[in-house]
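Residue numbers (my numbering): -12 to 123.
Take a look at the structure:
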């Protein structure tokens, strides 16, 4: 499936992309993006932010994570360096989201494809369990 690449690269899209890149793989929300640009004296409306994020997601430049269907989505710039993309863990008890880099987990998509004929979308994969603070 080919990704749709938007032919327009607006001032707001460039600014949002640059901000996401500056986060170096960390997640952010649309509200946090709006707050950041407001604090710089160059506010961008929340509707514009959502519209630009949707376009960046469709273009394959940004990943969108919706963890529980209730909380707002988080967004992360997709680095071309596979080592910079993290695995996401969500605690079922306290709701904490942990980000890890683990070579064993990184090998899972290849194993699933080679052994089971299934491609995992790692940008939408979240492992659920209990964090060390919530284990009884």
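Just so it is clear, CB atoms sit at the ideal spot from N, CA and C, and this is done for glycine as well.
Status (buried if at least 16 other CB within 10 Å, exposed otherwise) for residue i
| i | result |
| --- | --- |
| residue 79 | exposed |
| residue 8 | exposed |
| residue 113 | exposed |
| residue 18 | exposed |
| residue 63 | buried |
| residue 75 | buried |
| residue 14 | buried |
| residue 105 | exposed |
| residue 31 | buried |
| residue -11 | Here residue -11 scores only 45 on pLDDT, less than 50, and its place in the model is too uncertain to base an answer on. |
DSSP state of residue i mapped onto helix, strand, coil
| i | result |
| --- | --- |
| residue 65 | coil |
| residue 107 | coil |
| residue 91 | helix |
| residue 85 | strand |
| residue 7 | helix |
Nearest residue (CA-CA) to residue i, options the options
| i | options | result |
| --- | --- | --- |
| residue 53 | 23, 82, 0 | 82 |
| residue 21 | 2, 109, 13 | 2 |
| residue 96 | 85, 28, 86, 111 | 111 |
| residue -1 | 13, 16, 28, 35 | 35 |
| residue 120 | 67, 88, 84 | 84 |
| residue 49 | 59, 61, 65, 60 | 65 |
Any C-beta of chain D under 7 Å from that of residue i
| i | result |
| --- | --- |
| residue 42 | Structure shown: chain D not included; a single protein chain is present. |
Uninterrupted beta strand (DSSP E) stretches inside the segment 14 to 57 (no shorter than 3 residues): Counting only runs of 3 or more, we get 49 to 52.
Given 8 Å, three or more beta-carbon pairs between the segment 29 to 42 and the segment 78 to 98: Contact between the segment 29 to 42 and the segment 78 to 98 is absent, because fewer than three Cβ pairs lie under 8 Å.
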